[in-house]
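Let me begin by presenting the structure, written as structure tokens, before commenting on it.
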Amino acid sequence: MARRLPSLNALRAFEAAARHESFTDAAAELFVTHAAVSRHIRELEEWLGTELFTRTGRGVDLTDAGRRFGIRLTPLFDNMAEATREAAAQGTVRSLNVSVEPAIASRWLVPRLGRFNVLHPDIELNIDPENRLVDFRSDKADLGIRYGLGRWGDVEIQKLISDVGIFPVCSPRLIKDAGPLAPADLANYNLLHESRKQYWTDWLHSAGIKGVEDWRGTVFQGHLAIEAAEAAQGFALGDMILCTDSLIDGRLVRPFALDMKDHGGYFIVRAKGSKESAPARAFREWLQAEMTDTQRKFASIKSAAIKK
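Residue numbers (our numbering): 48 to 355.
Quick look at the structure:
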């Protein structure tokens with residue numbers, strides 16, 4: 048059976064005007080003009096054959112019929128709005144497949160993902176920790192997060208943060224009885240290497256430190272060297288993205304205000320020639336904001352170290 052109803056726009060205009068008891072406030076809520084609200088209500092009154100408002104020099108007053116009608120309409124529009132939100136939430140959940148280096152994932156990304164989920168409940172993230180550069184021709188990834196010089200071929204590249212310095216870190220337990228340290232004192236401690244030993248060689252050369260046997264120490268895969276440093280097993284090399292959280296909460300300290308600029312940075316990569324999707328753009332913008340926040344926090348730690 049067909050429902051005999053007036054214009055939905057007229058009903059919306061009246062319900063808002065009745066709730067506010069003001070045409071002006073109703074117009075502001077609905078993003079229309081005062082004249083449009085007045086016209087819709089006159090059309091509704093003509094359709095119903097009864098006055099809903101009394102026009103006065105000061106504005107408008109609801110009639111008894113208008114007040115009763117408004118009281119009935121408001122919960123109906125509330126229910127309609129809620130049903131619309133529920134339907135939209137079910138229909139707009141979008142997935143985003145992200146390939147990310149395990150070190151970045153565990154030490155920086157995962158602790159922050161809750162904030163992204165609050166901001167974007169309609170985006171479902173699938174995080175794949177993977178060291179190799181993603182192959183968009185065969186992998187299911189929509190984008191990747193990588194550290195490097197940003198010179199990868201056959202991908203679109205967007206910079207998140209660049210010129211990240213590398214510096215030694217250790218557990219405060221390791222040096223609690225050592226007194227003030229100089230970089231040359233690294234000769235007395237175990238060096239923790241990630242994958243290859245060249246990083247320590249490069250850092251010591253950049254800092255002008257001699258007499259430290261850069262080849263000795265324990266070699267780990269990935270970010271395990273930093274975790275070993277947290278366990279007081281020696282000194283590791285880290286950067287602000289991988290170490291700021293641990294520096295803030297005291298799991299790590301940075302004894303020397305020296306870092307090596309290796310010109311590397313953190314980048315988002317996606318398939319060559321692909322257009323950035325709305326979920327990917329939202330995720331990139333959130334990543335940039337979070338990395339900027341990490342950079343700000345690290346700067347305060349770095350300044351404190353230099354003052355010492």
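Quick reminder that beta carbons are idealized off the backbone N, C-alpha and C, glycines included.
These figures come from a predicted structure and were not determined experimentally.
Three-state class that DSSP yields for residue i in the structure shown
i           : result
residue 346 : helix
residue 186 : coil
residue 246 : helix
residue 142 : strand
residue 204 : strand
residue 151 : helix
residue 303 : coil
residue 282 : strand
residue 195 : strand
residue 353 : For residue 353, the predicted structure reports a pLDDT of 45, less than 50, and the residue's modelled location is therefore unreliable. The matter cannot be settled from this model.
residue 335 : helix
residue 156 : helix
residue 222 : coil
residue 252 : helix
residue 277 : helix
residue 260 : coil
residue 323 : coil
Separation of residue j from residue i, as counted between CA atoms
i           : j           : result
residue 186 : residue 315 : 16 Å
residue 355 : residue 226 : Annotation note: pLDDT 41 at residue 355 (below 50); position unreliable, coordinate value reported separately. One C-alpha to the other measures close to 13 Å.
residue 332 : residue 307 : 28 Å
residue 189 : residue 97  : 59 Å
residue 92  : residue 120 : 15 Å
residue 78  : residue 123 : 21 Å
residue 405 : residue 274 : Only positions 48 to 355 of the chain appear in the structure, and residue 405 is not among them; the question remains open.
residue 82  : residue 141 : 40 Å
residue 326 : residue 143 : 7 Å
residue 280 : residue 348 : 23 Å
residue 334 : residue 148 : 15 Å
residue 167 : residue 330 : 9 Å
residue 270 : residue 145 : 19 Å
residue 290 : residue 341 : 10 Å
residue 337 : residue 272 : 24 Å
residue 193 : residue 131 : 39 Å
residue 298 : residue 155 : 15 Å
residue 313 : residue 346 : 17 Å
residue 173 : residue 191 : 11 Å
residue 202 : residue 169 : 27 Å
residue 117 : residue 103 : 19 Å
residue 218 : residue 253 : 23 Å
residue 258 : residue 230 : 10 Å
residue 235 : residue 278 : 17 Å
residue 199 : residue 318 : 11 Å
residue 293 : residue 287 : 10 Å
Delimiting residues of the beta strand (DSSP E) encompassing residue i
i           : result
residue 179 : Run containing residue 179: none; DSSP gives neither H nor E here.
residue 235 : Here residue 235 belongs to no beta strand (DSSP E), and DSSP marks it neither H nor E.
residue 318 : 312-318
residue 213 : 212-216
residue 267 : 265-267
Of the residues the options, the one placed nearest residue i, counting alpha carbons only
i           : options              : result
residue 171 : 200, 161 and 177     : 161
residue 251 : 232, 106, 59 and 266 : 232
residue 265 : 253, 92 and 243      : 243
residue 214 : 240, 304 and 94      : 304
residue 212 : 179, 64 and 195      : 195
residue 107 : 184, 68 and 148      : 68
residue 152 : 222, 51, 178 and 184 : 178
residue 94  : 71, 84, 53 and 118   : 53
residue 87  : 111, 287, 62 and 115 : 62
residue 204 : 241, 180 and 129     : 180
residue 210 : 310, 115 and 103     : 310
residue 76  : 114, 85 and 60       : 60
residue 100 : 71, 126, 65 and 127  : 65
Counterpart residues of residue i in DSSP-defined beta bridges
i           : result
residue 107 : 102
residue 171 : 142
residue 308 : 212
First through last residue of the alpha helix (DSSP H) which encompasses residue i
i           : result
residue 84  : 81-95
residue 165 : 160-166
residue 293 : 287-296
residue 61  : 55-67
residue 76  : 70-77
Contact with chain D by residue i, beta-carbon distance below 8 Å
i          : result
residue 76 : The chain labelled as chain D is not found in the depicted structure, where only one protein chain is given.
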